[in-house]
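Letter by letter, the sequence shown follows residues 20 to 142 of the working numbering.
Ideal Cβ positions, reconstructed from N, Cα and C, are used throughout, including at glycine.
Note that the coordinates shown come from a computational prediction; the quantities given were computed from them, not determined experimentally.
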Amino acid sequence: MENFKLSEFSNRPMPEAIRQNIEKLVRHLLDPLRNALGYPVQITSGYRNAEHNRRVGGVFNSDHLRGCAADFILPGHPAPAEAVLRVIRANRLPYDQLILYKTFMHLSYREEGNRGMIIDKRV
20 MENFKLSEFS
30 NRPMPEAIRQ
40 NIEKLVRHLL
50 DPLRNALGYP
60 VQITSGYRNA
70 EHNRRVGGVF
80 NSDHLRGCAA
90 DFILPGHPAP
100 AEAVLRVIRA
110 NRLPYDQLIL
120 YKTFMHLSYR
130 EEGNRGMIID
140 KRV
């Protein structure tokens, strides 16, 4: 984990399998994204246990429950969604879902079966 700390994804104890999933998410997707962007990536939500996921309105099968997803922002970036899309496409980064929200983005990674879905919820 070159650009991130495990504590950015959760301040709670987590099972080893969750920690490993976070490390894969960072190694295969978030570190390469950050390096190519040349811009800070701030994690706003990482691993969530079931109770936390319910409180924040997460879906029942959220990738956050397994440590396979992160919500993030690019503080101060003038066009964050466009920059992330450009970097992901140009570098062919493996991702399952990129969800664009008005105030943040969501990226998830699967070891196998990444769908490369882009969902735009900004409108």
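Check whether residue i and residue j have beta carbons under 7 Å apart
i, j, result
"N40", "R73", "no"
"I62", "A89", "yes"
"V60", "F91", "yes"
"Y66", "F123", "no"
"A36", "N110", "no"
"Y58", "L112", "no"
Span of the beta strand (DSSP E) around residue i
i, result
"L126", "M124 to S127"
"L119", "Q116 to L119"
"D82", "Per DSSP, D82 belongs to no beta strand (DSSP E) and is neither H nor E."
Same chain only: Cβ atoms within 6 Å of residue i, ignoring 5 sequence neighbours per side
i, result
"E116", "Here the sequence assigns Gln to residue 116, which means Glu is not the residue at that position. Cβ neighbours of Q116 beyond the five flanking positions: S127 and M136."
"L119", "A100, D139 and R141"
Range covered by the alpha helix (DSSP H) that runs through residue i
i, result
"A69", "A69 to R74"
"L104", "P99 to N110"
"L44", "E35 to L44"
"D139", "Not the alpha helix (DSSP H): D139 falls in the beta strand (DSSP E), residues M136 to D139."
Proximity winner among the options, relative to residue i (alpha-carbon distances)
i, options, result
"V106", "S81, S26, D50 and S64", "D50"
"Y114", "L93, V45 and R129", "R129"
"K121", "G132, P34 and A98", "A98"
"L52", "C87, R134, N22 and G132", "N22"
"H71", "R31, L44, E42 and C87", "R31"
"G132", "C87, H96, H125 and R46", "C87"
"S64", "R108, R134, S26 and G95", "S26"
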